[in-house]
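Undergrad: My questions will all concern the structure given below.
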Amino acid sequence: MRQRVARVAVAAVLLALVLLALPLAVGIRVAAFDDERGRLERDALAAAVRVGPEFSAGDPVELPTPPGGTQVGVYDAGMRLQAGAGPRTGDAATRRAASTVAVSERSGGHIVVAVPVSSNEQVIGVVRAAVDAGHVWSRVLAAWALLSGVAAFALAVAVLVARRQARALSAPLENLSSVCQDIADGDLTARAASSHIAEIDQVARTQNAMVAELARLLRHERHFTANASHQLRTPLAGLQLGLETALATPDVDLRAAIEEALAQSGHLHHTIDEVLRLAKAKAEGGRGGSATRTAAVLLDRVETRWHGVFAQEQRRLAIRLAPGVEDLPLPDRAVGQILDVLLENARVHGSGRVDVTVRETSGGLAFDVADEGRMSFPSARLFDRGATIGPGTGIGLSLARDLAEASGGRLSLAGSSPTVFTLLLPCGG
């Protein structure tokens, strides 16, 4: 692109120089010869003034000294040279001047001007002034050389300016192309810089906005994948545990085991739906819809899912509802997912007994999840995605916080020794 821009600019300047220089060169030549004819005419007239009436009687004539290279001669009526320099007999221009006012022409490589000399209305002689045309051409060629030098200098300046402008125009596009290549290679942080060229900057801004939106969508996609895998891990483990227990127990009721497995798979399905709802709600900047259940039903389902898990580890799970909260509606899947995260966190990082308490607060409900362990992780980074000091992905608490905020609530660490997490939700979800 740089070469194309430079070539176009140089071609335009070259065309302008040709269109200007050719007429100017012709004008220089015409002006040089016209000036020389005017000078010769003045020299001839100055010599004619020296020719008096006595010239026809043979009196000598004293002519002024002409400039170097100029011949000035006086011819009598018989066209014979009587004084000065020139051909011994008058040439065609001299003969024509004897019958007219003045003659100017080029003859034999010379510029000739002939002026008649009159006395008593009779032509008594002719003054002839001539100069070699080569002297004029030397001045014309010198002027043409100067003109060519100026044109060459202008062309050189044009080439330099064209190259600089080509760089100024192509560099932002090359940078834009490089940024596009970086994005194609997977670097979604690459952004096009401003070039101070309005049209290119508009393209760069549009591309940057497109990449920012693409990066945002990909982040949501990655978060959805990470959240889904995190939330499915415990239900899948429970499903596997139930099936393994059924296989290992000879007298187990297979129908009941299958029904339990179906219930667990249904829970997995709802888990995926809830994580997807959260991803859509965050992408749209609002909250997605979710079915509601009463607090009693929701907590009963939570206890069913987690009682066996804690019992296998010789730990106790206790769930208590304060009077009057049993029939309050709650966002089923969101609260269930948050409690699942907090209970999984208590199982992995906590110790001893786990208590889930639901109580009324001013304008809402509070869910306290407490265990007998001690929180040693810095509270400032507790809800950061990926933050963990033990086994786990560091996704759960971040996901739980997002779910709480998407439901209009708030999740916080209420105590670190023992560990207590509190989920606050407005009444009615």
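Numbering-wise (full-length UniProt numbering), the sequence shown opens with residue 1 and increments by one.
Positions of the beta carbon are idealized from the N, C-alpha and C atoms, including for glycine.
In this text, all values refer to a predicted model and were calculated from it rather than measured experimentally.
#1: For Ser-398, which three-state DSSP category applies?
#2: In whole angstroms, what is the alpha-carbon distance linking Leu-203 and Leu-218?
#3: Can you have a look at Phe-310 and say buried or exposed, based on whether 16 or more other CB atoms are within 10 angstroms of its CB?
#4: For Ser-194, which residues of its own chain have a beta-carbon under 8 Å away from its beta-carbon, when the five flanking residues on both sides are left out?
#5: Just mark Asp-167 as buried or exposed, buried being the case when its beta carbon has 16 or more other beta carbons within 10 Å.
#6: Of all the options Pro-418, Ala-97, Gln-240, Gly-409, which has the alpha carbon lying nearest to the alpha carbon of Gly-352?
#7: Between Phe-377, Ala-143, Leu-328, Met-79, which has its C-alpha nearest Val-358's C-alpha?
#8: Could you give the first and the last residue of the continuous beta strand (DSSP E) run that contains Glu-105?
#9: Scan the stretch 34-105 and note each continuous alpha helix (DSSP H) run of 4 residues or more that stays entirely inside, going in chain order.
#10: Three or more C-beta pairs closer than 8 Å, one from the stretch 72-92 and one from the stretch 8-15: is that the case here?
#11: Helix, strand or coil for Asp-368 per DSSP?
#12: Helix, strand or coil for Ala-322 per DSSP?
#13: May I ask you to report which of helix, strand or coil DSSP gives Ala-114?
#14: Going by the CB atoms, is the gap between Asp-368 and Thr-422 shorter than 7 Å?
#15: Give a yes or no on whether the C-beta atoms belonging to Val-103 and Ala-44 are separated by under 7 Å.
#16: As a quick exercise: from Leu-17, Ala-92, Gln-122, pick the residue whose alpha carbon is nearest that of His-110.
#17: Going by DSSP in three states, Gln-264 sits in which element: helix, strand or coil?
#18: Straight-line CA distance for Ala-143 to Tyr-75?
#19: In the DSSP assignment, find the unbroken beta strand (DSSP E) run with Gly-125 in it and report its ends.
TA: In terms of the structure at hand:
#1: helix
#2: Per the sequence presented here, residue 203 reads as Val, with Leu not at that position. Using only the alpha carbons, I get a separation of about 22 Å.
#3: buried
#4: Asp-201, Ala-204
#5: Per the sequence presented here, residue 167 reads as Arg, with Asp not at that position. Arg-167 comes out exposed.
#6: Pro-418
#7: Leu-328
#8: 103-107
#9: 92-97
#10: Contact between the stretch 72-92 and the stretch 8-15 is absent: fewer than three C-beta pairs spanning the two stretches fall below 8 Å.
#11: strand
#12: coil
#13: strand
#14: yes
#15: no
#16: Ala-92
#17: helix
#18: 36 Å
#19: Segment 122-132, the beta strand (DSSP E) holding Gly-125.
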